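Structure record follows, encoded as structure tokens.
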Amino acid sequence: MTSQKRLDFIDLKSQQQRISALLAENLQRVLAHGQYIMGPEVHELETKLAAYVGVKHAISCSSGTDALLMPLMAYGVGPGDAIFTTPFTFIATAEVIQLLGATPVFVDIDPKTFNLDPEALAEAVSRLGQHPGTAHLKPKGIIPVDLFGQPADYDRIQAIAQSHGLFVLEDAAQSFGATYKGRRAGALAEVAATSFFPAKPLGCYGDGGAIFTDNDDLAAVLCSIRNHGQGRHKYENVRIGLNGRLDTLQAAVLLAKLEIFDQEVMARQGVARQYGQALNTVVETPEVAQDCTSVWAQYSVLSEHRQLLLQKLQDAQIPSAIYYPLPLHLQGAFAHLGHKPGDFPVSESASQRIFSLPMHPYLGQADQEKIVGVLLK
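Quick note: the sequence shown uses numbering that gives the first Met the number 0, first residue 0, plus one each step.
And the structure:
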């Protein structure tokens, strides 16, 4: 992308031009065979996704939200169950818990990585029932979020889960392509969910998602849930499920994007590296743990002077975003939980100081220098 083009927060047009021939070929194949639901491209995609992540099963589905909801359904989550998660994330993470009648129990984040703080998690699990309105709750599971592209600390989280008999559902909606101690995101818990929302590092041209697991029995249940709780044939329904299938056309798009995905991840690393080197004197730049790599779904920085810097960017016609301006525990959707300002101070502090800069594989040197220059003035 040259400096003459409009500066995009996420540049999908340049990517589309790069894969246009393969994209057209894949889409035309689907139009020719007409199997728009669960066509062969869906099965091909699932095979390639499983191989990429390094797990036995990849179950594609209709959105990242359904990718979170379906494992909870498979685990039988319902009223009276407590699911521990972070308040500093998109609402889908906690929304699926509440949709099933369970209770999200929020846990504060690590100030460096923005991910679930294992020490705070251990304390929250141990103290469940001591707070008003939680005496009836039974701890059931944990949903860590790999925020902005960096995996959470799964070894410490898994140890807590095992000591209390809890499942762990990895929310890898922002981390597909990242690694933790040599393992890929999506393979860091018994079950993981990712999103193929268009703005993700690997995104389709609509909604889409996938679930990853090595557990054969769990995979079979997830495939049933995805298709209305189907049993041995179309009109046998052995459980309550969803219409959670991924469209074949979206699978065709993702197959084209997978061909260049590793190259795009490398390009993202380069953009993040240049940002970090140039901006560490004017804002608090993100840290990646030594045993992790980030896929940089967003490049988010912290500043006490956020509004001033955002205004500078706006004046220079440079797009920006705030992920997330209000933590979930202070949102109206979770008002019934009775939280108040100050309950999760690290999350609240981050929400008041954070903002995100343009981040994509096609961010050219000139554009990045322009962004940096505006912030350094």
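All C-beta atoms in this analysis are idealised placements derived from N, C-alpha and C, irrespective of residue type, glycine included.
Note that the coordinates shown come from a computational prediction; the quantities given were computed from them, not determined experimentally.
Exercise for the section: Pull up the distance between the alpha-carbon of GLN3 and that of ARG272, whole angstroms please. Expected result: Low local confidence applies: a pLDDT of 46 at GLN3 is under 50, so the model's placement there is unreliable, and no value is given.
Handout entry: Cα-Cα separation between MET69 and PRO117, rounded to whole angstroms
Key = 25 Å
Exercise for the section: Use the C-beta contact count for PRO344: other C-beta atoms within 10 angstroms, 16 or more gives buried, fewer gives exposed. Expected result: exposed
Exercise for the section: May I ask you to verify whether the region 246 to 256 touches the region 37 to 45, counting CB pairs closer than 8 Å and requiring at least 3? Expected result: yes
Practice task
Determine, using beta carbons only, whether ALA66 and ALA209 come nearer to each other than 9 Å.
Solution key: yes
Problem - Cβ-Cβ distance between PHE87 and LEU168 below 9 Å - result: no
Exercise for the section: Could you tell me how far apart the beta carbons of LEU253 and LEU201 are, in whole angstroms, since I believe they sit closer than 8 Å? Expected result: 7 Å
Handout entry: Closest Cα partner of VAL270 within the set ASP366, LEU21, ALA315
Key = ASP366
Exercise for the section: Check PRO110 in the structure and name its three-state DSSP category. Expected result: coil
Handout entry: DSSP three-state assignment for ILE18, whether helix, strand or coil
Key = coil
Problem - Same chain only: Cβ atoms within 7 Å of MET0, ignoring 5 sequence neighbours per side - result: At MET0, the pLDDT of 38 sits below 50, so the modelled position is not reliable; the number obtained from the coordinates is stated separately. If we look at MET0 and ignore the five residues flanking it on each side, its Cβ neighbours are ASP10, SER13, TYR361, LEU362, GLY363, ASP366.
Practice task
Under 6 Å Cβ to Cβ from VAL144, same chain only, skipping five residues before and after it: list those, please.
Solution key: THR85, THR88, THR92, ASP170
Problem - Every unbroken alpha helix (DSSP H) inside the region 184 to 266 [4 residues or more] - result: 215 to 225, 247 to 257
Problem - Through-space distance from LEU30 to PRO285, alpha-carbon basis - result: 44 Å
Practice task
Out of SER302, ILE317, HIS328, point me to the one whose CA is closest to ARG352's CA.
Solution key: SER302
Exercise for the section: Grab me the residues of HIS359's own chain with a C-beta within less than 6 Å of its C-beta, minus the 5 sequence neighbours each way, in chain order. Expected result: ILE9, ASP10
Problem - chain B within 9 Å of PRO138, Cβ atoms only - result: Given the protein chain composition of this structure (a single chain), no chain B is represented.
Practice task
Compute the beta-carbon to beta-carbon distance between TYR322 and SER355, rounded to the nearest angstrom, for a pair I have assumed lies under 8 Å.
Solution key: 6 Å
Handout entry: Three-way DSSP call (helix, strand, coil) for TYR322 in this model
Key = coil
Practice task
Can you have a look at LYS199 and say buried or exposed, based on whether 16 or more other CB atoms are within 10 angstroms of its CB?
Solution key: buried
Exercise for the section: Look at the alpha carbon of SER59 and the alpha carbon of LEU375, and state the distance between them as a whole number of angstroms. Expected result: 43 Å
Practice task
Say whether the region 330 to 337 touches the region 277 to 296, bearing in mind that this needs 3 or more beta-carbon pairs closer than 8 Å, one atom from each stretch.
Solution key: no
Exercise for the section: Mind the definition here: the region 150 to 162 touches the region 112 to 127 only if three or more C-beta pairs lie below 8 Å; say whether that holds. Expected result: yes
Handout entry: Closest by C-alpha distance to MET265, when choosing among GLN161, GLY176, TYR74
Key = GLY176
Problem - LEU21 versus TYR204 - alpha carbon distance - result: 15 Å
Exercise for the section: Label ASP261 either buried or exposed according to how many other C-beta atoms from any shown protein chain fall within 10 Å of its C-beta, with 16 as the threshold for buried. Expected result: exposed
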